[in-house]
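**Student:**
2 protein chains.
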Amino acid sequence: MSPRRPSPDRAPNQMDVARAAGVSAQTVSRVLAGHPNVRPDTAHRVHAAIDSLGYRIHAAAASLASGRTRIIGMIVVSNDRYASAALGAGVETTAAANGYTVTTASVSDHASTSAFLEAFDRLERQGAEGVVLNVPVELDSPEMQLRTERTPSTRSQVASLQPDAPLVVDQHVIGRLAVEHLLDLGHRTVWHVGGDEYWIEGRHRREAWEQVLHERGIEPPPLIPGEWTPESGYRAGRTIAAIPDATAVFVSSDEMAFGLIRALHEAGRRVPEDVSVVSVDDIALAAYASPALTTVRQPFEEMGRAAAQRLISHIEGTDAGDEPDLHPELIIRSSTAAPLAR
Amino acid sequence: MSPRRPSPDRAPNQMDVARAAGVSAQTVSRVLAGHPNVRPDTAHRVHAAIDSLGYRIHAAAASLASGRTRIIGMIVVSNDRYASAALGAGVETTAAANGYTVTTASVSDHASTSAFLEAFDRLERQGAEGVVLNVPVELDSPEMQLRTERTPSTRSQVASLQPDAPLVVDQHVIGRLAVEHLLDLGHRTVWHVGGDEYWIEGRHRREAWEQVLHERGIEPPPLIPGEWTPESGYRAGRTIAAIPDATAVFVSSDEMAFGLIRALHEAGRRVPEDVSVVSVDDIALAAYASPALTTVRQPFEEMGRAAAQRLISHIEGTDAGDEPDLHPELIIRSSTAAPLAR
DNA sequence: TTGTAAGCGTTATCAG
DNA sequence: CTGATAACGCTTACAA
Numbered sequence: 005m006s007p008r009r010p011s012p013d014r015a016p017n018q019m020d021v022a023r024a025a026g027v028s029a030q031t032v033s034r035v036l037a038g039h040p041n042v043r044p045d046t047a048h049r050v051h052a053a054i055d056s057l058g059y060r061i062h063a064a065a066a067s068l069a070s071g072r073t074r075i076i077g078m079i080v081v082s083n084d085r086y087a088s089a090a091l092g093a094g095v096e097t098t099a100a101a102n103g104y105t106v107t108t109a110s111v112s113d114h115a116s117t118s119a120f121l122e123a124f125d126r127l128e129r130q131g132a133e134g135v136v137l138n139v140p141v142e143l144d145s146p147e148m149q150l151r152t153e154r155t156p157s158t159r160s161q162v163a164s165l166q167p168d169a170p171l172v173v174d175q176h177v178i179g180r181l182a183v184e185h186l187l188d189l190g191h192r193t194v195w196h197v198g199g200d201e202y203w204i205e206g207r208h209r210r211e212a213w214e215q216v217l218h219e220r221g222i223e224p225p226p227l228i229p230g231e232w233t234p235e236s237g238y239r240a241g242r243t244i245a246a247i248p249d250a251t252a253v254f255v256s257s258d259e260m261a262f263g264l265i266r267a268l269h270e271a272g273r274r275v276p277e278d279v280s281v282v283s284v285d286d287i288a289l290a291a292y293a294s295p296a297l298t299t300v301r302q303p304f305e306e307m308g309r310a311a312a313q314r315l316i317s318h319i320e321g322t323d324a325g326d327e328p329d330l331h332p333e334l335i336i337r338s339s340t341a342a343p344l345a346r
Numbered sequence: 005m006s007p008r009r010p011s012p013d014r015a016p017n018q019m020d021v022a023r024a025a026g027v028s029a030q031t032v033s034r035v036l037a038g039h040p041n042v043r044p045d046t047a048h049r050v051h052a053a054i055d056s057l058g059y060r061i062h063a064a065a066a067s068l069a070s071g072r073t074r075i076i077g078m079i080v081v082s083n084d085r086y087a088s089a090a091l092g093a094g095v096e097t098t099a100a101a102n103g104y105t106v107t108t109a110s111v112s113d114h115a116s117t118s119a120f121l122e123a124f125d126r127l128e129r130q131g132a133e134g135v136v137l138n139v140p141v142e143l144d145s146p147e148m149q150l151r152t153e154r155t156p157s158t159r160s161q162v163a164s165l166q167p168d169a170p171l172v173v174d175q176h177v178i179g180r181l182a183v184e185h186l187l188d189l190g191h192r193t194v195w196h197v198g199g200d201e202y203w204i205e206g207r208h209r210r211e212a213w214e215q216v217l218h219e220r221g222i223e224p225p226p227l228i229p230g231e232w233t234p235e236s237g238y239r240a241g242r243t244i245a246a247i248p249d250a251t252a253v254f255v256s257s258d259e260m261a262f263g264l265i266r267a268l269h270e271a272g273r274r275v276p277e278d279v280s281v282v283s284v285d286d287i288a289l290a291a292y293a294s295p296a297l298t299t300v301r302q303p304f305e306e307m308g309r310a311a312a313q314r315l316i317s318h319i320e321g322t323d324a325g326d327e328p329d330l331h332p333e334l335i336i337r338s339s340t341a342a343p344l345a346r
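Protein chains in written order, with the numbering used here: chain S, 5 to 346; chain Y, 5 to 346.
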């Protein structure tokens, strides 16, 4: 007797379909793979058998035999931020369109490097053929290097891991657009409420802010720290409100801008008459803030699509084709204006 | 000669580890599974070999042999809404904590029933042992019935698919809390800006609104349609602003409330002095709207956790334990007030 | 155009 | 406590 349970009601497999269709299992496999050299009549009988038995291919068996999983992994931090979600949607869409499945590994915010390594390992174990790193941290540790060499990986937000590849979205450009807009409006200097410095994005935007000010011969005022949340923006707003000659602020996210503006209003400072505010992201609610936010838009969903496309092309060894031009865009609404004459 | 490529540099497998450790492959498997009956000394040698070879278990092979994948599928609509993202994070967290992996299948908003069936099939093909349906539509079609019988499934937002199981979050309660709050404040009637009726959530909240008004002998005013977006809220706001005696509005989401309030302000109607507004969700920005939103909070992440927990318990045949009490909560802020005396 | 045979890496069963 | 062996369901290579 078999050492296995006889399982009289197991799911049908290719052999069952083959028997029902009067062909070999191999022919069933060929039909499933859309192999050209199958007589239409045969293919038809096979499809009929598949439908009548309710057969479905067993992905694990297929991967084991073929060595391919068509799984893309995605490492995500703090899934509840708008940006991560939109990015993920883009990755999903492109993956599905190319016959790939996405498996997600979440990592908590401010997680240690080892948490990222573990997440990566989880995905590799599942057989991910590539990984989209939708993450904030620098990934230059030797251990991560090891993994990204073994499994092709792409950063979705800031830059590819391949040093020579073009940036996906240059966060320095974002900072530059914001700060130059305020300066061009006539403000004498620009204060900055930073994003969490744990995130590369936050660091790059701050660097751009410093750089632009230096270029114009302005010594940057002290950085006001934030951590992406509206609460932290509110706290920063109270700080700003206490600085009488602060007339222009570059905040590193729309969500923080909501908190910041609230604090400014409570302190009796009008936006944009007394203080101009530029933020980053252009989330759906940005246009409905009071006042509507001037912000630097990031095309999140397209960024996700581009990351997935690049990864899939790499996996399949095909040319990625033209990568879309993912430039950030300054959207001018009502939270910025020229400073009042004094 | 073998019909396969000889692959001199293939990834190490259990046999390689076994050789390196001087044991059989079976013992390696036992060590990996944490089987109790292994001599500590042997286990130690195996672990050493694993580390030195950089061995990782091959999930596809393991599933094929064991018949288990430890994969949970999740069907998601419009991943970029805050609620879906937070829910998904909860599912992820709980799955990971129990050694499960989450595979997502996205479906576009207003997708046809067949799109949902296809998504379900995709997940089954991947070997999902259960599916979290984070979706808006009713799932009583015979085809879906077929699938949910084969693969255990749970709705994360509204109710379990098992008719006798308790609701996860009762959307009628949400509508009731909102409408009764306004009525108790002294408003004579309450207008409703609905969510998209394609979503069960939207329908249930509307039903609750109608029911509460009827209970108090009030004939509900015409429903003002919305579709979750701030833009649709803005449009609804212009409608409301044109109705002089509308003093209280129940909007089906915070995002719509932002748009609604903006339209009201532009029309010169003050919130809450002229019009009180209650919404649903309590997203992070709700407290930073102008005015801060009175809203009915939904514990999204916990809802996701509960859904995953229930599913996993079902898969493993264990008792789900006490399900957390997932009640919505009315958060009173500044967008509601008693009507002005006229 | 179709069929046969081998093997993918793991786990379950049974024997020792 | 450990090992040998037989599946799991599919795809690749080759033969017919």
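Think of the CB as a built atom: it goes at the ideal place given N, C-alpha and C, for glycine as much as any other residue. Quantities reported herein were computed from a predicted structural model and do not represent experimental measurements.
In chain order, what residues of the same chain lie with their CB nearer than 6 Å to the CB of residue 109(S), ignoring the 5 residues before and after it?
**Tutor:** Contacts found: 79, 123, 126 and 127.
**Student:** In whole angstroms, what is the alpha-carbon distance linking residue 167(S) and residue 151(S)?
**Tutor:** With a pLDDT of only 45 at residue 167(S), under 50, the local geometry of the prediction cannot be trusted, and the value read off the model is given with reservation. Going from the Cα of residue 167(S) to the Cα of residue 151(S) covers about 16 Å.
**Student:** What would DSSP say about residue 26(S), mapped onto helix, strand or coil?
**Tutor:** DSSP places residue 26(S) in coil when its eight states are reduced to three.
**Student:** For residue 254(S), write down the residues that DSSP places opposite it in a beta bridge.
**Tutor:** Answer is 196(S) and 282(S).
**Student:** On a CA-only basis, which of 338(Y), 314(Y) and 320(Y) is nearest residue 328(Y)? Give me that one, please.
**Tutor:** Of 338(Y), 314(Y) and 320(Y), the residue nearest in Cα terms is 314(Y).
**Student:** Does the beta carbon of residue 63(Y) come closer than 8 Å to any beta carbon on chain S?
**Tutor:** It does; some Cβ of chain S falls within 8 Å.
**Student:** Relative to the alpha-carbon of residue 310(Y), which residue among 243(Y), 96(Y) and 283(Y) has its alpha-carbon at the smallest distance?
**Tutor:** It is 96(Y) whose Cα lies nearest to the Cα of residue 310(Y).
**Student:** Taking the beta strand (DSSP E) that residue 98(Y) falls in, what are its first and last residues?
**Tutor:** No beta strand (DSSP E) contains residue 98(Y), which is instead part of the alpha helix (DSSP H) from 86 to 101.
**Student:** What number of angstroms, rounded off, separates the C-alpha of residue 43(Y) from the C-alpha of residue 32(Y)?
**Tutor:** If I take the Cα positions, the gap works out to 12 Å.
**Student:** Using a Cβ-Cβ distance under 8 Å, would residue 2(S) count as near chain Y?
**Tutor:** The requested residue 2(S) does not occur in the structure, where chain S is confined to residues 5 to 346.
**Student:** Under a three-way DSSP split, which group does residue 71(Y) fall into?
**Tutor:** It is coil, neither helix nor strand.
**Student:** Among 53(S), 15(S) and 38(S), which one has its Cα closest to the Cα of residue 23(S)?
**Tutor:** Closest by alpha carbon: 53(S).
**Student:** With DSSP as the reference, please indicate the residues paired to residue 110(Y) in a beta bridge.
**Tutor:** Looking at the DSSP assignment, residue 110(Y) forms a beta bridge with 80(Y).
**Student:** What is the DSSP secondary structure of residue 223(S), counted as helix, strand or coil?
**Tutor:** Residue 223(S): coil per DSSP, three-state reduction.
**Student:** Use the C-beta contact count for residue 94(Y): other C-beta atoms within 10 angstroms, 16 or more gives buried, fewer gives exposed.
**Tutor:** Residue 94(Y) comes out buried.
**Student:** Considering only residues of the same chain and omitting the five flanking positions on each side of residue 62(S), which have a CB-CB separation below 8 Å?
**Tutor:** Counting only Cβ-Cβ distances below 8 Å, and skipping sequence neighbours, we find 15 and 17.
**Student:** Is it a yes or a no for the stretch 260 to 267 of chain S touching the stretch 223 to 237 of chain S, going by three-plus beta-carbon pairs under 8 Å?
**Tutor:** As far as the Cβ criterion goes, the stretch 260 to 267 of chain S touches the stretch 223 to 237 of chain S, which means the pair count is three or higher.
**Student:** For my contact list, residue 216(S) and residue 253(S) are in at a C-beta cut-off of 8 Å; report their separation, rounded to the angstrom.
**Tutor:** No, residue 216(S) and residue 253(S) are not in contact; Cβ-Cβ is about 14 Å, not under 8 Å.
**Student:** Got a sec: is the Cβ-Cβ distance from residue 97(S) to anything in chain Y below 8 Å?
**Tutor:** At least one chain Y Cβ lies under 8 Å of residue 97(S).
**Student:** Note down, in chain order, each residue of its chain lying with its Cβ closer than 7 Å to the Cβ of residue 181(S), except the 5 sequence neighbours on either side.
**Tutor:** Hits under 7 Å: 300, 332 and 334.
**Student:** Starting from the Cα of residue 147(S), find the closest Cα among 259(S), 271(S), 117(S) and 199(S) and give me that residue.
**Tutor:** Cα-wise, what sits closest to residue 147(S) is 117(S).
**Student:** Which same chain residues, not among the five before or five after residue 21(S), have their C-beta less than 7 Å away from its C-beta?
**Tutor:** If we look at residue 21(S) and ignore the five residues flanking it on each side, its Cβ neighbours are 32, 50, 53, 54, 57 and 59.
**Student:** In whole angstroms, what is the alpha-carbon distance linking residue 193(S) and residue 227(S)?
**Tutor:** So the alpha carbons of these two residues sit roughly 13 Å apart.
**Student:** Take the Cβ of residue 85(Y) as the centre, count every other Cβ of all protein chains shown within 10 Å, and call the residue buried at 16 or more, exposed below.
**Tutor:** So residue 85(Y) ends up on the buried side.
**Student:** Examine the ligand ZN and report whether any of its heavy atoms sits within less than 7 Å of the Cβ of residue 214(Y).
**Tutor:** Ligands in the displayed structure: none, and consequently the ligand ZN is not present.
**Student:** What number of angstroms, rounded off, separates the C-alpha of residue 137(S) from the C-alpha of residue 158(S)?
**Tutor:** Taking the straight line from one Cα to the other gives about 6 Å.
**Student:** Can you list, in chain order, the residues of its chain with a C-beta nearer than 7 Å to that of residue 34(S)? Leave out the 5 residues immediately preceding and following it.
**Tutor:** Result list for residue 34(S): 42, in chain order.
**Student:** Rounded C-beta distance between residue 208(S) and residue 251(S)? I'm assuming under 8 Å.
**Tutor:** Contact flag wrong, Cβ pair sits at about 25 Å.
**Student:** For residue 112(Y) and residue 120(Y), what's the separation of their Cα atoms in angstroms?
**Tutor:** The alpha-carbon atoms of residue 112(Y) and residue 120(Y) are separated by roughly 9 Å.
**Student:** May I ask you to list, following chain order, the residues of the stretch 206 to 234 of chain S that have a beta carbon less than 8 Å from some beta carbon of chain Y?
**Tutor:** Listed by position, the residues of the stretch 206 to 234 of chain S near chain Y (Cβ gap below 8 Å) are 233 and 234.
**Student:** Does DSSP classify residue 122(S) as helix, strand or coil?
**Tutor:** Helix.
**Student:** Quickly, what does DSSP pair residue 320(S) with across the bridge? List them, please.
**Tutor:** For residue 320(S), which the question treats as bridged, DSSP gives no partner whatsoever.
**Student:** Could you tell me which of 149(Y), 87(Y), 323(Y) and 319(Y) sits nearest to residue 104(Y), measuring between CA atoms?
**Tutor:** Nearest of 149(Y), 87(Y), 323(Y) and 319(Y) to residue 104(Y), Cα basis: 319(Y).
**Student:** Considering only their Cβ atoms, is the gap separating residue 258(Y) from residue 286(Y) smaller than 8 Å?
**Tutor:** Cβ distance < 8 Å, so residue 286(Y) and residue 258(Y) count as in contact.
**Student:** What does residue 262(Y) touch in chain S if you count any residue whose Cβ is under 7 Å from its own?
**Tutor:** In chain order: 289 and 292.
**Student:** Can you look up residue 335(S) in the DSSP assignment and give me helix, strand or coil?
**Tutor:** The answer is strand: DSSP assigns residue 335(S) an E or B state.
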